[in-house]
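Presented below is the structure to which this report refers.
Residue numbers (this note's numbering): 3 to 294.
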């Protein structure tokens, strides 16, 4: 595969295109006309229409997330507008669309257009590596937004998935007293084995008042209005989960408690490194397709 179309995206995508060029790929772009650094790349072509951009491509790469409002493609470096439906309908039968944080409607449209849809965030190798940037970004926010050191602070990590595991390890390395909430007994056992403090979800209410920082990784509302009443007024809450997040932000605002909803942290704190992760995963996909 030597022809790649890249549609929209943020700084991660810009860095990714630069990596593709170094590897001698022809890159066709749409929705990136304001990315000045790409104008120096000899193997990058800018198109004025989505149809022209994807016409010759073997694979099409979209943003992470593909859409924030489930209507429009995220295109940070463009004044143009492109809907997800327009993007998919512009693809030819059998073409491959790789993007991130996809939802049911995208797959439905892909099936109708007979386009293969691949969600980067469903690829284990990318999800694990992406968790590193997310965890570092969350800790950076915690350091900037509190007046005490992470060392010796009581920090609750809600959820013990990929991001939760990486977060807990980093926080422990900084000397925090790390508590991890989970609902599976197997996760609670691993939390204990790693030397953190396990909290079963049903026992969460009993401990919420002790934390200096709470970082949520669960994309389902756990900190409801009632539970937020148990959180200390000076506790910093950081939510890194995708919409709708795990913290009732409206209730927190009414209770005058600080919540930072930190979405897309890898693109903000480590776009170059994240671009490397994306490239590695995309090349894995290429190899799988070519070896079938």
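Every residue gets a Cβ at the ideal spot worked out from N, C-alpha and C, and that includes glycine.
Within a 10 Å sphere around the beta-carbon of residue 133 sit 16 or more other beta-carbons, which makes this residue buried. Using a Cβ distance threshold of 7 Å, residue 227 and residue 206 do not count as a contacting pair.
Closest in C-alpha terms to residue 64, from the list 292, 45, 50 and 93, comes 93. Here the alpha carbons of residue 136 and residue 266 stand approximately 8 Å from one another. Secondary structure at residue 139: helix, using DSSP grouped into helix, strand and coil.
Rounded to the nearest whole angstrom, the C-alpha separation of residue 203 and residue 262 is 22 Å. Between the C-alpha atoms of residue 95 and residue 115 there is a straight-line separation of about 6 Å. A distance below 7 Å between beta-carbons, with the five flanking residues on each side excluded, links residue 164 to the following residues of its chain, in chain order: 129, 130 and 133. Residue pairing of residue 28 in beta bridges, as defined by DSSP: 5.
According to the DSSP secondary-structure assignment, residue 160 is paired through a beta bridge with 183 and 218. Under the three-state reduction of DSSP, residue 65 is assigned to coil, being neither helix nor strand. In the assembly as shown, residue 246 is an exposed residue. Its beta-carbon has fewer than 16 other beta-carbons within 10 Å. Contact between residue 197 and residue 224 is ruled out by a C-beta separation of about 24 Å, above the 8 Å threshold. As the crow flies, the alpha-carbon of residue 37 is around 41 Å from that of residue 180. Leaving aside the five residues that flank residue 142 on each side, the residues in its chain whose CB is nearer than 8 Å to its CB run, in chain order, 271. Around the beta carbon of residue 279, 16 or more other beta carbons sit within 10 angstroms, so the residue counts as buried.
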